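One point on numbering: in UniProt numbering, the residue at position 466 of the sequence shown is 466, and numbering is uninterrupted. Report on one structure; see the data block that follows.
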Amino acid sequence: MVQFSNVVVYSYQYMLDPKVAGIISKEMQKESVVVFDEAHNIDNVCIEALSVSVRRQTIEGARRNLSKMQHDIERFKATDADRLRKEYNRLVEGLAQGGNLPITDTWLQNPALPDDILKEAVPGNIRKADHFVHVLRRLVNHLEGRLETENVEKEGPVSFVATISTQAGIDQKTLKFCYDRLHSLMMTLEITDTDEFLHIQTICDFATLVGTYTRGFSVIIEPFDERMPHIPDPVLQLCCHDASLAIKPVFDRFQSVVITSGTLSPIDLYPRLLNFHPVVSRSFTMSLTRDCICPMVLTRGSDQLPVSTKYDMRSDLGVVRNYGRLLLEMVSVVPDGVVCFFVSYSYMDMIVNSWNENGILKEIMQHKLVFIETQDVVETTLALDNYRKACDCGRGAVFLSVARGKVAEGIDFDRHYGRLVIMFGIPFQYTLSKILLARLEYLRDTFQIKEGDFLTFDALRQAAQCVGRVIRSKADYGMMIFADKRYSRHDKRSKLPGWILSHLLISPARKSLANLGDFVIGDLSSYLPEHGTALR
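See below:
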């Protein structure tokens, strides 16, 4: 249907993930206009499209897949040997010379092969089906051995491929063709249940990427998650650091590409991350017919103690108490729905437990019902449904959520479902993550983007995305509270979108509380009744 449509709306992955784009988007003409809307996270989508993780479950599943394929090969040898012979002859001709591999909607495209590679013949050592399965077994055994490490290991694709060549006897060119060779073999064996063979597809995806790219990637092996070191969970990750690799084919193929979002700030950083030169770059002010948003920065609690989710402060009882008192004061005067965002699930759990122990949670629930986002999708969906029911019947409700979670990215709290949003802290990424550290190092060395600048940019775009959940149309209105002393610093505040900053600077809160210092709000309960305009 795509080629007959005037407008096609679909997920980023259909355009950016090369395994899917070759099937879904191949009919698109060069003159098509490609619009990436809500593109504030486009660099992360690009990186995920070219990253692969291999765990023990992947290894075990791949072994089962190979055994099944070997059994099918033996069956074909006995009943239809000519079919295997024809496949061999086709592979001798090359992937793109007269003997094209058949591609249907149920099959994934190659994740990485450039056109010049496609003109080559498949290496002789994997043309025969038996030989190819044997090569994959050696590769799976090698990856399983690499997972047995007790220390974190990090290396580049070149050294990793050299190790595979030395220890498993598989050279770089063979690795490059693994994905297409698997594709051909599965077509020949008439395998229709592609889901069953996802594990071996993941292994071949990994092999093709690591054999194709020499820069912009790292191979990181972690024996356990640093946040849960007592639980062994080894994972071998091929991490893409260069977002431009996935989006470059889109820029090359299409004449007009538009990247847009309400939280694309600072706008000049995206061309550097995606490695392109924008023909037109514009930032538009939000055209509001009235002052319908009231953003505020809270740096201190009512007892004048600073509040922040900095690592050395986040567990401080004074900070936890002040955050609780802030929410309590807000729910006592703000009607309908109140949405709160925390920096992580673990921090939200800690805060809620503390509020429960010191009685603040009970006081909050006297004003509004409280619902919490969990990592279980079904539980969260049920909580959201009941949150909306509570708002609809006039009872009012509080929804506690997490930045970077499903609610922060995809759920609208329009109209009476969101009259106030509180961002507790600045949602920085987990800075001890080996994957994040490797990406920061790559961005610094390749694009001269400082680590601190990128981390702040990433955290502030997430914060803006969270608070933007309550303003979904010109008819909406609501308050936004950034509860962290670091938001008062220029290097943090300046990275918020212009439509928030423009209202922050003329906020009634700042005018009436100028004597307390820049963007400092004390006891909000004494402020709100006198200044109802902030809510109206």
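A virtual CB, placed ideally from N, CA and C, is assigned to each residue, including glycine. Values in this document were obtained by computation on a predicted structure and should not be read as measured data.
_For Val338 and Ala49, I'd like the C-alpha separation in whole angstroms._
35 Å
*Buried or exposed (CB count within 10 angstroms, at least 16 for buried), Lys362*: exposed
*For the region 372-379 and the region 443-458, state whether three or more C-beta atom pairs, one from each stretch, are separated by less than 8 Å.*
no
*Would you grab the beta carbon distance between Arg137 and Leu66 for me? Rounded to a whole angstrom, and I think it's under 8 Å.*
6 Å
_Spatial neighbours of Leu305 in its chain, beta-carbon cut-off 8 Å, leaving aside the 5 residues before and after_ = Gly318, Val319, Asn322
*Pick helix, strand or coil for Met423, following the three-state DSSP scheme.*
Reduced to three states, the DSSP call for Met423 is strand.
*Which value, in whole angstroms, describes the spacing of the CA atoms of Asp82 and His142?*
In this structure, the straight-line span from the alpha carbon of Asp82 to that of His142 is close to 33 Å.
_Cα-Cα separation, Pro157 to Val297_ = Those two C-alpha atoms are separated by around 45 Å.
*Taking the alpha-carbon positions, what's the Thr104 to Gln3 distance?*
At Thr104 the pLDDT is 37, less than 50, meaning the model places this residue with poor confidence and gives no usable figure here.
*Helix, strand or coil: which one does DSSP assign to Glu150?*
coil
*Would you kindly report the start and end of the unbroken alpha helix (DSSP H) that includes Phe399?*
Boundaries for Phe399: no alpha helix (DSSP H) harbours it, while the beta strand (DSSP E) harbouring it runs 397-402, taken from the DSSP string.
*What's the call for Thr431, buried or exposed, on a 16-neighbour Cβ count within 10 Å?*
exposed
*Boundaries of the alpha helix (DSSP H) in which Asp233 is found, first to last residue*: Careful: Asp233 lies outside any alpha helix (DSSP H), inside the beta strand (DSSP E) at 232-240.
*Taking Ile293 as part of the beta strand (DSSP E), name the residues at either end of that continuous run.*
293-298
_Completely contained beta strand (DSSP E) runs for the region 303-361, where each covers 3 or more residues_ = 337-342
_So for Pro157, helix, strand or coil by DSSP?_
helix
*Count the other CB atoms, across all protein chains shown, that sit within 10 Å of the CB of His40; report buried if there are 16 or more and exposed otherwise.*
Result: buried.
*Measuring CA to CA, which of Arg85, Cys294, Gly61 is closest to Asp195?*
Gly61
*On the three-state DSSP scale, how would you describe Arg56?*
helix
_Nearest-angstrom beta carbon gap, Val235 and Ser53 [assumed within contact, 8 Å]_ = 6 Å
*Measure the alpha-carbon distance for Phe177 versus Pro123 and round it to whole angstroms.*
8 Å
*With a 10 Å radius around its C-beta and 16 neighbouring C-beta atoms as the bar for buried, classify Val370 as buried or exposed.*
Val370 should be labelled buried.
*Phe36 and Tyr12: beta carbons closer than 9 Å?*
Yes, the Cβ-Cβ distance between Phe36 and Tyr12 is below 9 Å.
*Hey, Arg272 and Ile449: beta-carbon distance below 9 Å or not?*
yes
*Can you tell me which of the three DSSP states Phe519 falls into?*
With a pLDDT of only 43 at Phe519, under 50, the local geometry of the prediction cannot be trusted, and no value is derived from it.
_Can you tell me whether Phe284 is buried or exposed? The criterion is at least 16 other CB atoms within 10 Å of its CB, across all chains shown._
exposed
*Alpha-carbon spacing of Cys340 relative to Ala408, whole angstroms*: 10 Å
*Anticipated Cβ contact below 8 Å, Cys391 with His416, distance rounded*: 5 Å
*asked:* I'd like the list of long-range same chain contacts for Ile506, defined as Cβ closer than 7 Å, with 5 residues on each side in sequence excluded.
replied: For Ile506, the predicted structure reports a pLDDT of 45, less than 50, and the residue's modelled location is therefore unreliable. A value from the coordinates is still provided. Same-chain partners within the cutoff: there are none.
*Nonlocal neighbours in the same chain, by C-beta distance under 7 Å from Val7, ignoring five residues either side*: none
_Residues that Leu369 bridges to, as DSSP identifies them_ = Ala397
_Helix, strand or coil for Phe428? Go by DSSP, reduced to three states._
coil
*Just the Cα atoms here: how many angstroms apart are Tyr487 and Lys389?*
Roughly 34 Å between the two C-alpha positions.
*Length of the line joining the Cα atoms of Gln167 and Leu139*: 10 Å
_Taking the beta carbon of Lys77 as the centre, do at least 16 other beta carbons fall within 10 Å, making it buried, or is it exposed?_
Lys77 is exposed by the Cβ-count criterion.
*With which residues is Phe224 paired in a DSSP beta bridge?*
Pro232
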